[in-house]
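Quick note: the sequence shown, position 155, residue 166 per our numbering, numbers continuous. This report concerns only the one structure given below.
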Amino acid sequence: MLVDSTIKKQDKKTITRSFRINEKSFKALEEDALYHNVSLNTLVDQLFDAHANYERFIEKMGMVRMAKLTFRRILDVSPSEGVAQAARLHAKDHGKVAAISKYGELTVPNILDGLFLMFSYGGWGEYHETRPSHGKRVITLIHDLGQNGSVYLLNFVKTMFEEIPFEPKITPTDQGIIIEVGK
12 MLVDSTIKKQ DKKTITRSFR INEKSFKALE EDALYHNVSL NTLVDQLFDA HANYERFIEK
72 MGMVRMAKLT FRRILDVSPS EGVAQAARLH AKDHGKVAAI SKYGELTVPN ILDGLFLMFS
132 YGGWGEYHET RPSHGKRVIT LIHDLGQNGS VYLLNFVKTM FEEIPFEPKI TPTDQGIIIE
192 VGK
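What follows is the structure, encoded as structure tokens:
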């Protein structure tokens, strides 16, 4: 759940508020903060951030939570073409609607931000972005979902970009996909 703030920096104006919380929940939050080596304030801010930027949108879409290992097992026993088709349908039926629901329109930056949220909060893997030259963005989506995980992500991402229409350079590997946009 903890998000590496160096991946995607946004200027965040903070406000001070007080809340009542039951003691058992407070103790659990303190333990988690200690375990993750962050302040309680940072942990609570990240929990609010996850809810505001991800959780409330996936709830609207009727998403279910599943152990990553279970999802990988499903991918492993499925034929690649079936995985590709499921990913394309996911992008058209849910990905597009979720992006428009959150951002109001489907654009390259909004698709990339959606992928950032999917990986940072959704547990899909790691999102890394670099800007090696003026105007170019290279996004690496790293996962541990096996070869069919890359098939799924490749088809999901391609379909999302086809909806606008835009054709980035996408390179699949067994451990992820690399997306290049810009010059």
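Every residue gets a Cβ at the ideal spot worked out from N, C-alpha and C, and that includes glycine. Note that the structure is predicted; figures quoted are calculated from it, not measured.
Using the beta-carbon count (16 or more within 10 Å), is T27 buried or exposed? exposed
Between which residues of its own chain and I18 is the CB-CB distance below 8 Å, once the five residues before and five after are set aside? Low confidence applies to I18: its pLDDT is 42, below 50, so where it sits in the model is not reliable enough to give any reading.
Along the alpha helix (DSSP H) that carries H101, what are the first and last residues, could you check? S91 to H101
Contact under 8 Å by Cβ, G125 with H154: Cβ atoms of G125 and H154: not closer than 8 Å.
Secondary structure of L152, DSSP reduced to three states: strand
Say whether the segment 29-37 touches the segment 92-111, bearing in mind that this needs 3 or more beta-carbon pairs closer than 8 Å, one atom from each stretch. no
Would L86 and N166 be called neighbours here (beta carbons separated by less than 8 Å)? no
Relative to the C-alpha of D60, which residue among Y46, E42, G73 and G133 is closest? G133
Exposed or buried, which one is V88 when buried takes at least 16 other CB atoms within 10 Å? exposed
Which residues share a DSSP beta bridge with P183? DSSP lists I188 as partners of P183.
Endpoints, beta strand (DSSP E) assigned at T118: Premise fails: T118 is in no beta strand (DSSP E) and is neither H nor E.
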